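These notes concern the structure reproduced below.
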Ligand SMILES: *Cc1c(COP(=O)(O)O)cnc(C)c1O
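Numbering (our numbering), first residue to last: 209 to 662.
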C-alpha cells in the first residue's frame, strides 16, 4: 500500500514530471489536459531533454571508464528500443553512434542524417540486398552472425570496391536477466557463433581481402541490473580475443547493451557510473592477466537511453469491480489503448505502474488492474498497482517508463490505429511521429478500392 497514490517516483518518471497547482501532471512543462486536447489519447509522450541527458550521461560514463585505462569507448544507441529520425538526431547530437538490425532501421538512421561510418549493422538474417545497401551507404561496422553472411558480405564489399570492417558476434555462454546470470558452455539460440566456432569465422574473414576483422561482439541480454554477468562474459571474451589476436590485429571489443531501468519501485538497477567502471575494469583485469593490451571498447544501450523518457497517456473509459473467488474484489480500470501500444505485459509479463494524471485525489488507494480495449484477456497495461479509489471514466491515466520497446513493438491489432509520438521540451510539444488513422489502415486494404472489388 503506497503512502501516496498520487506520488511520482523519481526513479521511474522523467526528471521533469511534476504536478501543477491543480494537481495535473506536467512533463517538461506541458500539461496532460493540453496534450489530450491537442493530440488525443492514447498518446506517447517523450521528454527530449530526458533522452538527451541519459545519452550524455552514458557516453560520458563509458568514455571516462575507458580513458582511465588509456583506451576509447564508443557508445551505440540500440535503435530498436525506439527508432525515429528525431530520436536519432538527439542521441547523435549527444555523442552516440547508432545500431540498426534491419534494412528498414538502416533507412531510418540514414534519413535522420546519421554519419554512416558511425552505424553498426546487426541481425542474424541480413539479406543480400540489405548487406549491399549497407556497404554502399558506408556503414562503419557490420556484426556478422553466420558463415553464409561472411561470404555474402565479402562479395558485396568486393563489388563496391571497399574493405568492410566487421565484428564477429559470439555467445559467451553467459545469459543475464535482471538480478542473476546463468553461465553455460554453449548457448542454444539463434544469434552469433559459439565460442568454439569463432576461430573458424575469424580465419574466413581474414581470408577475404574485402573484409577487415576488427574484433568480437557479445550481447548477453536485456534489463540487467548488476555488473556480475557482464564481468563473467568479459572474462570469456577476453580469453577468445587474446587467442584471435595471435593471428592479426584485433583493435575492438563490443560488449553490447542490456543495462536495466526501473519500471516499478521493486526494480533497483545499478547506476550507469558503477556499471561502466565495473565492466571496463573487468576487461582491464582480464587483459592484464593475459599480458595483452586493452582493446578499444564499444557498448550498445537502448532501453537505458529512452526508457525513462517515455510516458503513455490514456483516458479511462470504464471501471468495474469484479468479485473474485475468495469474495474479494478487484477494480478493473479500462483505458483507450492497451497491448497494441504496449505489448510488453502480454509478451513478457512486464510490470508497470500507473497514476491518475489529470488530478490528485485523497480517496483511499484501491488495488487496480489497468487493462486495454483489445479483444484479449491478456491485454493488460498495469497488472497491479494502487490508484485513488475514486478513479473514474474521463480521468487521464499515465504509465511511466514506456519510452523503450513500446512504440517500436506497437501493432494495429483490432484495427486500433497506432498513437502519435509527441516530444515535449521547455513547455512546448510537437509531433515527431504522426498517429495512424483509420484511413491509413483502410488504405492498405485493396478490397476497399474499386480495383480490389473487380
Ligand atoms: C537489443 C540489443 C541491444 C539493446 O538492448 P537494451 O536492453 O535495450 O540495452 C544492444 N545490442 C544488441 C545486439 C541488441 O540486440
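Virtual Cβ for every residue (Gly too), placed ideally from N, Cα, C.
Computed from a predicted structure; not experimentally measured.
| Item | Value |
| --- | --- |
| Residue 638, enclosing beta strand (DSSP E) - first and last residue | 636–641 |
| Three-state class that DSSP yields for residue 626 in the structure shown | coil |
| Cα-Cα separation, residue 632 to residue 519 | 11 Å |
| N-terminal and C-terminal residue of the alpha helix (DSSP H) that residue 270 is part of | 256–275 |
| Segment limits, beta strand (DSSP E) that includes residue 522 | 518–531 |
| Exposure of residue 437, with buried meaning 16 or more beta-carbon neighbours within 10 Å | buried |
| Whole-angstrom distance between residue 494 and residue 448, CA atom to CA atom | 11 Å |
| Residues near residue 662 by beta carbon distance below 8 Å, same chain, minus five either side | Because residue 662 sits at a pLDDT of 45, beneath the cut-off of 50, its placement in the model cannot be relied upon, and the following sentence gives the value as read from the coordinates. There are no such residues. |
| Three-state secondary structure (DSSP) of residue 480 | helix |
| Nearest candidate by alpha-carbon position, reference residue 496, set 573, 354, 443 and 318 | 443 |
| Validate contact between the region 522–531 and the region 279–296 using beta carbons, cut 8 Å, 3 pairs | no |
| Sequence-distant residues of the same chain with beta carbon closer than 8 Å to residue 330, five excluded per side | 307, 308, 309, 351, 353 and 377 |
| Beta strand (DSSP E) segment containing residue 558, residue limits | From DSSP, residue 558 is part of no beta strand (DSSP E); its letter is neither H nor E. |
| Residue closest to residue 384, alpha-carbon to alpha-carbon, out of 428, 543, 368 and 413 | 428 |
| Segment limits, alpha helix (DSSP H) that includes residue 246 | 240–247 |
| Among 373, 348, 214 and 347, nearest to residue 358 - alpha-carbon criterion | 373 |
| Where residue 419 sits in the DSSP three-state scheme | strand |
| Residues bridged to residue 358 [DSSP beta-bridge criterion] | In DSSP, residue 358 forms no bridge with anything. |
| Alpha-carbon spacing of residue 561 relative to residue 525, whole angstroms | 18 Å |
| Between the CA atoms of residue 421 and residue 341 - distance to the nearest angstrom | 20 Å |
| Cβ-based burial, residue 553 [other Cβ within 10 Å; buried from 16] | buried |
| As assigned by DSSP and simplified to three states, the class of residue 621 | helix |
| Whether residue 572 touches residue 597 by CB criterion (8 Å) | yes |
| Whole-Å CB distance - residue 425 paired with residue 375, under 8 Å assumed | 4 Å |
| For residue 509 and residue 465, believed in contact at Cβ under 8 Å, the rounded distance | 4 Å |
| Spatial distance of residue 369 from residue 418 (CA atoms) | 8 Å |
| Range of the contiguous beta strand (DSSP E) that encloses residue 449 | That residue, residue 449, is in no beta strand (DSSP E); its alpha helix (DSSP H) goes 436–452. |
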